[in-house]
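S.K.: In my numbering, the protein residues as written are 1153 to 1497.
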Amino acid sequence: MTETEELLVCRQVHPLTHDVTTFVFEYAEPRLFRHDPGQFITLTVDIDGRPVQRRYTISSPPTRPFLLSITVKRVPGGLVSNWLHDHLEPGDTVRAHGPLGDFSTARHPASKYLFLSGGVGVTPSMAMTRTLYDLADPADVVFVHSARAPRDIVFRHELDLIAATAPNIRVVHICEDDRPYEPWGGYRGRLTIETLRQVAPDFLEREVFTCGPAPYMAAVRGMLSEAGLDMDHYHQENFTFEALETSTASADTADGTAAGFKVQFARSGRTIECDADTALLAAASRAGLSLPASCAQGMCGTCKTTLVSGSVDMRHSGGIRPREITQNKILLCCSKPLEDLVIDS
């Protein structure tokens, strides 16, 4: 895929656990998918007559290029995730652009890896592990996944098969709890440095990839840093869909308007107002404009566009390069106006 939108056709809906489902797509026109393992795409779906975008990691490996999969967890109040679970069926179409992202073994090759994941954050680790497995890559992999209970372990049977047939790939599941009808004999509780030293005594020598809920990633990062890991070899996938919902909702004022600077979107011909304390993406969303966006935290680069005139206060988190900034590129999700603007969107 490219950064322009492409039409994808759903070919299979495959439930993995009680609240996690894999959706399998192909191009509307016969083509192969090309991406790095661990990258993500941004889906656009129409909900109640309004296009909504969300970012999902590609769970399928690039070694199987005829189809592309995303693996999605149903979450309370989740707008797009719940819509996918409730409505998307084989034969339906969605729009997507990407892939994007640097969270990949292809960008950080090594002879030894440690994949740490929590919940549905397992998807990029799974894509990278599937790729290494398919290619018979000799890299030594320790795959450690944390789940609430045995029934919540995503890809459990496939991971067990991979571990049983690839001597260089070790898989460890950790469960916080079990259930009367589903006893658990493996590691219990949460990931600790003691557990890590048991399953990967040489973890300080490994290239580490971490993805999961924000508290999980914060705990893992702190634990590894304190243990002496060279953080140049630590990679973390940061994204949360709630951030986008929060940013757009918090921009609303009591009367539904926001006084401030005039912001003209050149391509759409729309002009909105945005105050100096509101991000451009949030103001545009409030005004009913649908713009490419995903993480809403200045990391993914999905909302990148060109600032034709005016100036902004942009505080990003790595989603834009210095060279692009010199070319008047901005990220809408983390840019606030300092004056009237014209934007090429």
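We put the CB at the ideal spot given by N, CA and C, even for glycine.
I need the DSSP call for A1299, collapsed to helix, strand or coil.
M.R.: strand
S.K.: In the region 1248 to 1322, which residue ranges form an unbroken beta strand (DSSP E) of at least 3 residues, counting only runs that do not cross its ends?
M.R.: Listed in chain order, they are 1264 to 1270 and 1292 to 1299.
S.K.: With a CB to CB cut of under 7 Å and the five nearest residues on each side skipped, what residues in its chain are close to M1383?
M.R.: By the criterion of a C-beta distance shorter than 7 Å, M1383 is surrounded in its chain by S1377, once the five residues flanking it on both sides are discounted.
S.K.: Find the nearest neighbour of T1457 within the set H1385, L1311, F1417 and G1273, judged by alpha-carbon distance.
M.R.: The shortest C-alpha separation from T1457 is found at F1417.
S.K.: According to DSSP, is I1472 part of a helix, a strand, or is it coil?
M.R.: In the three-state scheme derived from DSSP, where H, G and I count as helix and E and B as strand, I1472 is classed as coil.
S.K.: From the DSSP output, in three-state form, read off E1394 for me.
M.R.: Confidence in E1394 is poor, its pLDDT being 42 and thus under 50, which makes the residue's placement unreliable; the coordinate value appears in the next sentence. Reduced to three states, the DSSP call for E1394 is helix.
S.K.: In the DSSP output, what is D1171 paired with across the bridge?
M.R.: D1171 is not bridged to any residue.
S.K.: With a 10 Å radius around its C-beta and 16 neighbouring C-beta atoms as the bar for buried, classify S1298 as buried or exposed.
M.R.: Buried: at least 16 other Cβ atoms inside 10 Å.
S.K.: Assuming contact is defined by CB atoms lying nearer than 7 Å, are G1462 and E1491 in contact in what I supplied?
M.R.: yes
S.K.: Does DSSP put Y1179 in a helix, in a strand, or in coil?
M.R.: strand
S.K.: Taking S1211 as the reference, which of L1343, D1188 and V1161 has the closest Cα?
M.R.: D1188
S.K.: Which one of T1344, M1369 and M1278 has the shortest CA to CA distance from D1312?
M.R.: M1278
S.K.: Do you know offhand how far I1326's Cα is from N1480's?
M.R.: Within the model, the alpha-carbon separation for I1326 versus N1480 is close to 47 Å.
S.K.: In the structure shown, what three-state DSSP assignment does T1478 receive?
M.R.: helix
S.K.: Would you kindly check if the distance between the Cβ of V1324 and the Cβ of A1315 is under 7 Å?
M.R.: no
S.K.: Determine the extent of the beta strand (DSSP E) in which D1427 is found, giving its start and end residues.
M.R.: Where D1427 is concerned, there is no enclosing beta strand (DSSP E), given that its DSSP letter is neither H nor E.
S.K.: What are the boundary residues of the beta strand (DSSP E) that L1484 is part of?
M.R.: Here L1484 belongs to no beta strand (DSSP E), and DSSP marks it neither H nor E.
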